[in-house]
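*Asks:* Residue numbers (the numbering used here): 259 to 340. Dropping a structure here in structure tokens format, bear with me for questions.
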């Protein structure tokens with residue numbers, strides 16, 4: 259079902275991609291599309307980061323003990339973010 263906008267038209271959304279996983283992060287969780295088309299899924303309170311392919315396959319996973327803040331993709335760890 260759409261939502262009406264100010265000019266009286268209707269707004270709609272189309273689901274193009276969905277990742278369903280066992281984890282959840284009540285706060286500080288995030289997703290970010292990477293330049294290679296994969297998606298970085300961050301479960302901050304669980305202590306896990308997953309890289310997921312467009313087909314939904316787990317490419318790689320990082321687990322740490324305890325929660326952490328957030329994750330952000332950078333081309334290089336050297337120099338300021340662009």
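Using N, Cα and C, we set each Cβ at its ideal position, and we do this for glycine too.
Which of the three DSSP states, helix, strand or coil, is assigned to residue 304?
*Replies:* What you label residue 304 is simply residue 46 of the chain shown in a count that begins at 1. Three-state DSSP puts residue 304 in coil, outside helix and strand.
*Asks:* Kindly indicate the opening and closing residues of the beta strand (DSSP E) around residue 318.
*Replies:* If you number the chain shown from 1, residue 318 lands on position 60. Here the beta strand (DSSP E) through residue 318 covers 316 to 321.
*Asks:* Going by Cα to Cα distance, which pick from 314, 337, 334 is closest to residue 274?
*Replies:* The residue labelled residue 274 in the question sits at position 16 within the chain shown. With distances taken between Cα atoms, residue 274 lies closest to 314.
*Asks:* Hey, how far is the Cα of residue 276 from the Cα of residue 291?
*Replies:* The count along the chain shown starts at 1 and reaches residue 276 at position 18. The count along the chain shown starts at 1 and reaches residue 291 at position 33. Those two C-alpha atoms are separated by around 12 angstroms.
*Asks:* Residue 288 bridges to which residues according to DSSP?
*Replies:* For the purposes of this step, residue 288 is taken as the residue at position 30 of the chain shown. Looking at the DSSP assignment, residue 288 forms a beta bridge with 300.
*Asks:* For residue 268, does the three-state DSSP call read helix, strand or coil?
*Replies:* Along the chain shown, one-based indexing puts residue 268 at 10. DSSP places residue 268 in strand when its eight states are reduced to three.
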